[in-house]
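Quick note: the sequence shown uses this note's numbering, first residue 1048, plus one each step. Notes for the one structure printed next.
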Amino acid sequence: MELLDDIPMHRYREIGWSFLTSTSFPIFCVYLLMVNQLGTIKRAIPIPYDLRQLMGVYNLVISVVNVYCFVGFMQCLLEAPSLYEKTPNAKLSFIFYVYWITKVCELLDTVFMILRHRFRQISPLHVYHHASMLLLSDLGYTRYAWAAFAMPLMLNALVHVFLYLYYGLTAMGWQPSWKRRLTELQIVQFVIDLVHASIGVLYHNFCYWSLGYGLSMLYLFTAFYIRTYLRAGENQKRQ
């Protein structure tokens, strides 16, 4: 995801103010408060819920909506004169809006984990990713309905097509064999995002936050991949 601006450093505070005054900021605060009170919530819900059927439908719906977002972003990018175009686009604005709605709905991932007592899955990576994407997607449809901002979100929508398809199939009793490939796809996504952002910073006056956010996501997902698949595999071989 890129935070873009036509005016350099002195506008960064204005972008920060946009976060604080956004529709998503109260949701963001409630979400972080919920995550901070996991112990209290666990005591209030002593027995885990079986939500497999609900989660199957939920995840498949999110996957399908991300198909719509991916196709919409891609069509607008093909019509744009450049991947770094910063002209407001009414068609893109609606797609950004639908995309933002998916980010609000995806906060239910954490709610489902809580209700199912899957507290270990609520990792710093999980919280950081969901919370930050909520604010960034809001910024997209309210201020930056541009092709330049749509490029990384298009990739994210594509990843989420397969991610939520995997979750949906798992909830319905199937166990796809490509779980590891999903994390690899996410890492590739952030590498492409960083290349796009680097060219944007050098030649198109992109905000430096784009690089910082891309690097943070690449680091966190790469660390998760190494810990989950590479080191775990080495430990199994030793045993």
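Note that CB positions come from ideal geometry on N, CA and C, so glycine has one too. This one's a predicted model, so the numbers in the text were calculated from it and none came from an experiment.
Task: alpha helix (DSSP H) segments (min. 4 residues) lying fully within the stretch 1148-1190 - done: Every alpha helix (DSSP H) stretch that sits fully inside the stretch 1148-1190 and reaches 4 residues is listed by chain position as 1155-1162 and 1171-1190.
Open item on the list: I'd like to confirm something about Y1272: is its beta-carbon nearer than 7 Å to some heavy atom of the ligand GTP, or not?
Closed with: With respect to the ligand GTP, the structure shown offers nothing to examine, as it has no ligands at all.
- [ ] Check each candidate in S1071, S1110, D1240 and P1093 and name the one with the smallest Cα separation from Y1144.
- [x] The shortest C-alpha to C-alpha distance from Y1144 to any of S1071, S1110, D1240 and P1093 is the one to S1071.
TODO: Flag this pair as touching only if the stretch 1141-1156 and the stretch 1165-1183 have three or more C-beta atom pairs under 8 Å; answer yes or no.
DONE: yes
TODO: Look at M1198 and L1241 and say whether their C-beta atoms are less than 8 Å apart.
DONE: Result no, Cβ atoms of M1198 and L1241 do not sit closer than 8 Å.
- [ ] Just the C-alpha distance for S1257 and G1215, rounded to the nearest angstrom, thanks.
- [x] 31 Å
TODO: Just the C-alpha distance for A1194 and P1095, rounded to the nearest angstrom, thanks.
DONE: 44 Å
- [ ] Give me the Cβ distance between G1119 and W1147, rounded to the nearest whole Å; I'm assuming they're in contact under 8 Å.
- [x] Incorrect: roughly 13 Å between the Cβ atoms, too far for contact.
Open item on the list: Between the alpha carbons of Q1289 and R1190, how many angstroms are there, rounded?
Closed with: What the structure shows of the chain is the stretch from 1048 to 1286, and residue 1289 is not part of that stretch, so it cannot be assessed.
TODO: Would you tell me roughly how many angstroms separate the C-alpha atoms of K1226 and I1273, rounded to the nearest one?
DONE: 14 Å
Open item on the list: Suppose contacts are defined by Cβ-Cβ distances below 8 Å. Is F1181 in contact with F1209 by that definition?
Closed with: In the sequence on display, residue 1181 carries Leu and not Phe. No, Cβ-Cβ distance for L1181 and F1209 is not below 8 Å.
Task: Minimum C-alpha distance to F1141 - residue among Y1115, R1163, F1166 and R1165 - done: Y1115
- [ ] State the Cα-Cα distance for the pair H1251 and P1135, rounded to the nearest angstrom.
- [x] 16 Å
- [ ] List in chain order: all unbroken alpha helix (DSSP H) runs of 4+ residues lying wholly within the stretch 1092-1145.
- [x] 1099-1126
Open item on the list: At the level of alpha carbons, what is the spacing between A1218 and V1108?
Closed with: 13 Å
Task: First through last residue of the alpha helix (DSSP H) which encompasses S1071 - done: S1071 to N1083
- [ ] Determine the contact status of M1201 and L1139, defining contact as a CB-CB distance below 8 Å.
- [x] no
TODO: Could you name the residues of the same chain whose beta carbon sits closer than 7 Å to that of Q1233, not counting the 5 residues immediately before and after it, in chain order?
DONE: So the list reads V1206 and F1268, once near-sequence residues are dropped.
TODO: Determine, using beta carbons only, whether A1263 and D1185 come nearer to each other than 8 Å.
DONE: Residue 1263 is actually Ser in this sequence, not Ala. For S1263 and D1185, no; Cβs fall outside 8 Å.
- [ ] Can you have a look at L1067 and say buried or exposed, based on whether 16 or more other CB atoms are within 10 angstroms of its CB?
- [x] L1067 comes out exposed.
Open item on the list: Using the Cβ count rule (16 or more neighbours within 10 Å means buried), how would you classify S1110?
Closed with: buried
- [ ] Taking 8 Å as the cut-off, decide whether the C-beta atoms of L1162 and F1271 are in contact.
- [x] No, the pair does not count as a contact, with Cβ atoms beyond the cut-off.
- [ ] Enumerate, from N- to C-terminal direction, the unbroken alpha helix (DSSP H) stretches of 4 or more residues contained entirely within the stretch 1207-1280.
- [x] 1226-1250 and 1256-1272
Open item on the list: Please state whether the Cβ-Cβ distance between V1238 and L1277 is less than 8 Å.
Closed with: no
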